[in-house]
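K.L.:
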Amino acid sequence: MNRKDESKRKKVGQPMRIVCAGDSLTRGVSLIRGRLRIVENPYPKLLEQSLRSAFGATTALGEITVTNRGAFNDNSSSLLKRLAKDVLSEEPDIVVIEIGANDCDFRWNEVAEAPDLEHTPYVPLERFASNIERMVEQIQEAGAKPLLLTLLPLDPVRYYRHLSKRFGTGIAHWIACCGGIEHWHNRYDEALRQCVGKLGVDHIDVRARDGQVQLWRSMLSDDGIHLTATGYQHVSSMVFSSLFALRLVNPGTVSETAAEPHIVS
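Here the sequence shown is numbered in the working numbering, starting from 174 and rising by one per residue.
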């Protein structure tokens, strides 16, 4: 009997395991006083605290655990490679995936050296989409439920200023010619949305509300891409309320102030 069959026979008293997988936005990284640092309370830790506060550490399925499997500089290719060892080995019931910001990033040192040449993202768009589909398939085959976040918005102005300090302003010519930093970010976000629609899996649309992009930008650190402590709290609230909306937690315990995500099944 495989994990998929076992999950259908889950008995009362067994633990509810949630694994959060992704890049530095899952690991919990922020630019603090000019340096990237690990924050004290990344969103998976805050999520576990919220769930345990709501349920007294247990549900009808037993103890709740939220495991952080975020990795700095992770992209969909590297996450796919480590999925079995780092994520599925935990035998999760739910896998929350946040990925994509590094996929659509560029080798800026190469761009700076040759701003007139063509450059491709770390993970080409087609491979990114394929990686997402393969991760979803592997998670489902393991008997777990995938829950994907769309790409969190960045602030292109702050991000450019951050990059130009490291690589020089010569990259501005190439950025302008390729349509801008946000152009690539939005293309990968749209590809992810198409994947979840095609596969029929649940996702959290972090940009669903009017003004949500501007709200996120107010919670970004000075590099324009990593979150502040307030930003990580907001991610935690969105995931927490999504688990409620999907009826994976007790509706009577959800705070009225929790964020209301747009969820597509």
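Glycine included, every Cβ here is placed at the ideal spot set by N, Cα and C.
Would you tell me roughly how many angstroms separate the C-alpha atoms of V212 and L224, rounded to the nearest one?
P.N.:
The sequence position of residue 212 within the sequence shown is 39, counting from 1. The sequence position of residue 224 within the sequence shown is 51, counting from 1. For V212 and L224, the distance between alpha carbons rounds to 20 Å.
K.L.:
For the beta strand (DSSP E) holding E194, just list the boundary residues, first then last.
P.N.:
The count along the sequence shown starts at 1 and reaches residue 194 at position 21. First, the amino acid is wrong: residue 194 is Ala here, not Glu. From DSSP, the beta strand (DSSP E) with A194 extends over M189 to G195.
K.L.:
On a CA-only basis, which of F228, V408 and A402 is nearest L122? Give me that one, please.
P.N.:
For residue 122 there is no data in the structure shown, the boundaries of the chain being 174 and 438.
K.L.:
Considering only the alpha carbon of each residue, which of C277, D328 and I344 lies closest to V284?
P.N.:
By 1-based counting over the sequence shown, the position of residue 284 is 111. With distances taken between Cα atoms, V284 lies closest to I344.
K.L.:
Return the chain-ordered list of same chain residues with a C-beta closer than 8 Å to the C-beta of L256, the five sequence neighbours on each side being excluded.
P.N.:
Residue numbering aside, residue 256 sits at position 83 when the sequence shown is read from its first letter. Correct list, in chain order: A194, M308, Q311 and I312.
K.L.:
Under 9 Å, do V412 and L327 count as touching if we go by C-beta distance?
P.N.:
Walking along the sequence shown from the start, residue 412 turns up at place 239. Walking along the sequence shown from the start, residue 327 turns up at place 154. In this structure, L327 does not lie closer than 9 Å to V412 by Cβ.
K.L.:
Along the beta strand (DSSP E) that carries A209, what are the first and last residues, could you check?
P.N.:
Position 36 of the sequence shown, counted from the first residue, corresponds to residue 209. The identity of residue 209 in the sequence shown is Leu, whereas the question assumes Ala. R208 to I211 is the span of the beta strand (DSSP E), which, as asked, contains L209.
K.L.:
In chain order, what residues of the same chain have a beta carbon less than 7 Å from the beta carbon of I267, not counting five sequence neighbours either side?
P.N.:
Numbered from its first residue, the sequence shown carries residue 267 at position 94. For I267, where only same-chain residues beyond five positions count, the Cβ hits under 7 Å are I191, A317, K318, L320 and L421.
K.L.:
Does the separation of the CB atoms of D362 and G273 fall below 9 Å?
P.N.:
As a first step, residue 362 must be located in the sequence shown, where it is residue number 189. As a first step, residue 273 must be located in the sequence shown, where it is residue number 100. Taking 9 Å as the Cβ cut-off, D362 and G273 qualify as a contacting pair.
K.L.:
For the candidate residues L253, P329, L416 and Q406, whose alpha-carbon lies nearest to that of I348?
P.N.:
Mapped onto the sequence shown, residue 348 falls at position 175. The option with the nearest alpha carbon to I348 is P329.
K.L.:
Short of 8 Å in beta carbon distance, which residues of its chain neighbour M392, apart from the five on each side in sequence? Order them along the chain.
P.N.:
Within the sequence shown, residue 392 is the residue found at index 219, counting from 1. Once the five neighbours on either side are set aside, the close Cβ partners of M392 are L400, T401, T403, G404 and H407.
K.L.:
How many Å lie between R300 and C368 at the Cα?
P.N.:
Locating residue 300 in the sequence shown gives position 127, where the first residue counts as 1. Locating residue 368 in the sequence shown gives position 195, where the first residue counts as 1. When rounded, the distance between both Cα atoms is 12 Å.
K.L.:
At the level of alpha carbons, what is the spacing between N304 and D247?
P.N.:
Stepping through the sequence shown from its first residue, residue 304 is reached at position 131. Stepping through the sequence shown from its first residue, residue 247 is reached at position 74. Whole-angstrom Cα-Cα distance: 13 Å.
K.L.:
With H, G and I counted as helix, E and B as strand and the rest as coil, what does DSSP make of T323?
P.N.:
The residue given as residue 323 occupies position 150 in the sequence shown. Here T323 sits in coil by DSSP.
K.L.:
Could you check the C-alpha separation between S249 and R366 for me, to the nearest Å?
P.N.:
Along the sequence shown, one-based indexing puts residue 249 at 76. Along the sequence shown, one-based indexing puts residue 366 at 193. Cα to Cα, S249 sits roughly 15 Å from R366.
K.L.:
Between V239 and the rest of its own chain, which residues show a CB-CB distance below 6 Å, the 5 nearest in sequence each way excluded?
P.N.:
For the purposes of this step, residue 239 is taken as residue 66 along the sequence shown, with counting starting at 1. Once the five neighbours on either side are set aside, the close Cβ partners of V239 are I191, P217, L220 and E221.
K.L.:
Buried or exposed: H356, going by 16 or more other Cβ atoms within 10 Å of its Cβ?
P.N.:
If you number the sequence shown from 1, residue 356 lands on position 183. Answer is exposed; the Cβ neighbour count stays below 16.
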